[in-house]
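Input: a single structure, listed below in structure tokens.
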Amino acid sequence: MAEKKEYKVIGTRPIRHDGVDKVTGRAIYGGDFQITGLLHGRVLRSPHAHARIVSIDTSRAEAHPGVKGVVTAQDLPTAADKMADLGEGAVNLKYLCDNILASDKALYKGHAIAAVAATNPHIAEEACELIEVEYELLPPVLEVRQAMEPDAPILHDNLRTSSLGETGDKPSNVASHFQHKKGDIDKGFDEADIIIEREFVTGTVHQGYIEPHNATALYNPDGQLTVWCSTQGAFTVREQLAEILQYPISKIKVVPLEIGGGFGGKINVYVKPLAALLAKKTGKPVKVLMNRADVFEGTGPTPASYITIKMGATNDGKITAAQTSLFFEAGAYPGSPVGAGAMCVFAPYNIENAQIDGYDIVVNKPKTAPYRAPGATNAAFGTETVVDEIAEKLNIDPLEIRLMNGAKEGDRRADGPVYPRIGFIETLEAAKEHPHYGSPNGKKYHGRGIASGFWFNIGLESSVTINVNPDGTVNLVEGSTDIGGTRASIAMQAAEVLGISAESVNPTVVDTNSIGYTAVTGGSRTTYATGYAAYEAAQDVVKQMKERAAKLWDVDEDNIQFADGEFSSINGKEEQISFKDLSARLGETGGPVIGRATMNPAGAGGAFATHVVDVEVDVDTGKVEILRYTATQDAGKAIHPSYVEGQIQGGVVQGIGWALNEEYIYNDDGAMTNASFLDYRMPTCLDLPMIDAVIVEVPNPGHPYGVRGVGEVPIIPPPAAIANAIYDAVGIRMTELPMSPDRLLKAMGKI
Amino acid sequence: MQAFEYIDAKTVSEAVALLDEKGDKARILAGGTDLIVQAREGRRELDWMIDIKSIPDVNVLDFDSDTGLTLGAAVPCYKIYADDAICNAYPGLVDATKIIGGTAIQGRAGVGGNLCNASPAADCIPPLIVLNATCAIVGPNGQREISVEDFCTGPGQTALGQGEILVSLKIPTPQQNSSSYYLRFIPRNEMDIAVVGAGASVVLDADKQRIVSARIALGAVAPTPLFAGEASALLTDKEISDDAIDEAAQAAQAIARPISDMRGTAEQRTHLVGVLTRRALNGAIQRVKDTA
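Here the protein sequences line up with chains V and H, keeping their order. Take any residue in the first sequence, count from 1 to its spot, add 507: that is its number in my numbering. One point on numbering: in my numbering, the residue at position 50 of the second sequence is 46, and numbering is uninterrupted.
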């Protein structure tokens, strides 16, 4: 059990190790990468949302001066005609490959059809226009309820619904249906004095990372494939390439370059296999860069959803039952985050009777990808709005009703797990005590809303090695992409163990040949799991350094103590040497010291957040202004408080965007009409107040310093908190995201 | 992006001759904040880019309280709003120059280019219309002048003929007790194109209680920016009142024929015409009242 204690490095705010490179423009991103003989790739994408591919003729493109190679799905080793006799897994492999290059059908506008490598990007672009594709147009289906209709256009003729252990007997767009049950749902509603049942709709939204996807690939004559790219996990890129290209994992090296944001969207591969195929075909290194429209139309957003929520409570505010059906868009291939949504939907509350049904449904949109707490924001929008309505109807303060029903240690979540020590109640108390909650809120068309959220966080594999330098510093080698300041938060955990400063640790994120397997930076796992590995690797360094001190002083190892950066000998022989001085003497005591650890820690601690927001509604235009925002969150232990605050603020901003204006807008043909940052309206700094991030620390018993993941949970409460604030301001319950000006005008009866 | 030739023209006649010779595949480059983006995204085919920024005539920025404003077609926005006399005389135009793009864009983008790009949603056009601006055009057949409200003929289409270029805009000296105002509705506070834009100019009587005359213009609600003539006329010699302003706003709504697209729905735009017309008129009136 981690205890609250004093630290030297943990909890301080050193300058991040990668900061100078980034602010001086020296950091090397995928777009910056150069290599001799480089060719440039460009992808031809489907202009149709749903079409059968009758034929592809690349001959004119191949003959175009400057073009060095063209690839289509036929260049993938898993081309459709080889799939027939493969089993269940083969279907998934076909989906994986078809999303890279469509073989038989284009399933969304932007679906990659072919790729060209040429001597410059302009020629590659021109050559794409010379590829002749004959399509047989099919009607698109873009929304889950339509996709479930009996006569809906079918995306995959071989897809059968897998529902509660049964497999359907006819083609369907519903890939799967699952259910979680706890207690007796009928009994729970019978006990309720008030039952609220509502429907919610959320839009398709994109992560909106600033750096588009990119990859440069090189095939050596010896068969070694190297890919330099932007990714949240070099090892998962290696695995996906091995699958898609049917190529030995040992022949693939993935070099992660600096990343310009991911938020979950840079786990799946898109252009990386294309760069590899083109490199193989041309024998030259090939770089493929997406532009912004490619990113919107050709990479995974997070799904739109249709959600029903029914909750019952007694007159004194005890929630007795909760039931939901979550219908999530998977995009073109199965695999929405509805499972995670189901884990989170009622997670903040201890509810005796609950039932959760989840549905994964394919539609003619890009295959969805993770986005910061995938699925949880959609789900919480429903739950937190209904909880607010129950509180309002029962005339109970919305924070009080959450305090009354809030989950604590020992409570069981509806999907099964029993909570260890968690900090939900503490986030509510922090919100209640914050001056924001007590401040006046009575102006006309001003409103205040609150909402909470939960994300489970994950562990998974992480590896770290630490090399001790003769000057008392260490080089820390890790495989976790740094998206949110994790070089610093990982280095600081090693520094704390070694009794040295954060600056004395030099962290480097390396390629897949240079470190043990490390899972993606995702699931808010990196500071937790890779930090834990750094802690263990540092312990390994300490152990070896103790051996060296023992050797130096000719005493038994058991007589060496290490504290505050000093090794000392106990039991008679009084000797002392600092970590730094001993580092200088490794040569004479047996050579270099390398600490190492590889972990798959099981004790990831779930994170809760509670947000308070004030808004002003312009009732003439429907525009909502965010006036004040306070976010409280249990971080377990904030290793680097500035970066925890940064994660909270960043998550809130993305949640505000999701709440107010962000969405994929489609025309009747199924084409996205706003595939640019001009018309896909993410908030700018002018749309935001200072976001007050309040860190609550209830240590996670599953980590030596008590770390919980922090990156994801802050995106979850904002849409519901803002909806509740809008209700407080103008008396209208918004149940559809985004709550854009036109929707609000309509809801207010102005148009 | 396709390859193209860049020509740095030194005189109006050189630019006109080149444009006349090269025809449809040549475009005039001023600030370039629309043209370069269009070329890069393949939305406009062009073989020739004729840069006019070296031509003295298109860089004129001259305000004279007798003759009014001469605004060269390539003068960037920042020079306009940096000039106090222009800010006092034409606040409605200045409103627009301050919201076109961010600070960096305003260092390049100009009113002339905004007009020639002829977007229905262009922020500069409604204020130019309400300020009675005219266009000084030079072409192979010499010089001519037309009013700004007649300049745009469709989305991206203008009254410029073969080989013609816009050299400058001329705006008359504002009358006593007059002012102007422009605003747009965007869902965010920056980075957006107008869902609807509305400009208004008013001339008040000496007591600032009556409207002598008014002009209203609308953006993003038709294939071109619109002069709301009937709505404007309703305010002639009217006491300032909410009713009078509402009446004008409704008349403005009546001429809007918006489309639904990713930036807004038709019904939302029609509604906003009313809201923004009221706000533009009240804004212009308030400016007159605020002037000593």
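For each residue, glycine too, the CB sits at the ideal point set by N, CA and C. Since the structure is predicted, the reported quantities are computational estimates derived from the model, not experimental observations.
Inspect the beta-carbon positions of residue i and residue j and report whether they are closer than 7 Å.
| i | j | result |
| --- | --- | --- |
| PRO942(V) | LEU983(V) | no |
| ASP201(H) | VAL191(H) | no |
| THR743(V) | VAL971(V) | no |
| VAL852(V) | ALA886(V) | yes |
| TYR878(V) | GLY771(V) | yes |
| ALA213(H) | GLN153(H) | no |
| VAL648(V) | VAL870(V) | yes |
| ASN110(H) | ALA118(H) | yes |
| ALA22(H) | ILE46(H) | yes |
| VAL1160(V) | VAL1217(V) | no |
| ASP60(H) | VAL163(H) | no |
| ILE661(V) | PRO678(V) | yes |
Residues in the same chain with beta-carbon distance under 6 Å from residue i, minus the five sequence neighbours each way, listed in chain order, please.
| i | result |
| --- | --- |
| MET911(V) | GLY824 |
| LYS1144(V) | GLU1204, PRO1206, TYR1212, GLY1213, VAL1214 |
| VAL1049(V) | PHE1069 |
| ASN128(H) | PRO168 |
| LYS689(V) | ALA861, ALA921 |
| GLU704(V) | LYS817 |
| ARG549(V) | VAL623, ALA631, GLU632, CYS635 |
| ARG265(H) | VAL192, VAL217, PRO254 |
What are the start and end residues of the beta strand (DSSP E) that includes residue i?
| i | result |
| --- | --- |
| ALA568(V) | That residue, ALA568(V), is in no beta strand (DSSP E); its alpha helix (DSSP H) goes 566 to 570. |
| ALA829(V) | 826 to 838 |
| GLY956(V) | 953 to 962 |
| ILE630(V) | Element bounds for ILE630(V): not the beta strand (DSSP E) but the alpha helix (DSSP H), 628 to 636. |
| PHE1069(V) | 1067 to 1070 |
Would DSSP call residue i helix, strand or coil?
| i | result |
| --- | --- |
| ASP664(V) | coil |
| TYR1042(V) | helix |
| ASN948(V) | coil |
| VAL12(H) | helix |
| THR154(H) | strand |
| VAL651(V) | helix |
| ILE241(H) | helix |
| MET850(V) | helix |
| LEU1185(V) | coil |
| PRO52(H) | helix |
| LYS601(V) | helix |
| GLU263(H) | helix |
| LYS575(V) | strand |
| HIS684(V) | strand |
| ALA625(V) | strand |
| PRO1245(V) | coil |
| GLU1123(V) | strand |
| LYS1050(V) | helix |
Cutting at 8 Å between CB atoms, please list the residues of its own chain near residue i, excluding the five before and the five after it.
| i | result |
| --- | --- |
| SER1085(V) | GLY979, GLY1072, GLU1073, PHE1074 |
| MET1255(V) | VAL1126, GLY1129, VAL1237, ILE1239 |
| ILE868(V) | VAL651, ALA654, MET655, ASN680, VAL681, ALA682, PHE834, PHE835, GLU836, ALA837, SER843 |
| LEU748(V) | LEU732, VAL734, TYR754, ILE759, VAL761, VAL776, LYS779, PRO780, ALA783 |
From which residue to which residue does the alpha helix (DSSP H) around residue i run?
| i | result |
| --- | --- |
| SER453(V) | This structure does not reach residue 453(V), given that chain V is present from 508 up to 1258, and the question cannot be answered. |
| THR884(V) | 883 to 900 |
| PHE742(V) | 741 to 752 |
| ASN1231(V) | 1225 to 1237 |
| TYR1150(V) | 1148 to 1167 |
Tell me which residues share the same chain as residue i and place their Cβ nearer than 7 Å to its Cβ, disregarding the 5 neighbours each side in the sequence.
| i | result |
| --- | --- |
| CYS604(V) | LEU583, THR585, ILE751 |
| PHE803(V) | HIS713, MET1179, ALA1182, TYR1187 |
| LYS204(H) | ASN173, VAL284, LYS285 |
| VAL1004(V) | TYR1042, ALA1045, GLN1046, VAL1049 |
| PRO72(H) | GLY27, GLN102, GLY103, ARG104, ALA105, GLY106 |
With a threshold of 6 Å, establish whether the CB of residue i neighbours any heavy atom of the ligand NAD.
| i | result |
| --- | --- |
| PRO116(H) | As presented, the structure is devoid of all ligands, the ligand NAD included, so that no description of it is given. |
Length-filtered (3 minimum) beta strand (DSSP E) runs lying within the region 1089 to 1115 of chain V
1101 to 1106
What ranges does the beta strand (DSSP E) occupy inside the region 110 to 148 of chain H, keeping only unbroken runs of at least 3 residues that lie completely in it?
130 to 135, 138 to 143
At which residue ranges does the region 9 to 96 of chain H contain complete alpha helix (DSSP H) runs of 4 or more residues, listed in the order of the chain?
31 to 36, 73 to 77, 80 to 85, 87 to 93
Give the residues from the region 161 to 189 of chain H that approach chain B closer than 9 Å (Cβ to any Cβ), ordered along the chain.
Here the protein chains are V and H, and chain B is not one of them.
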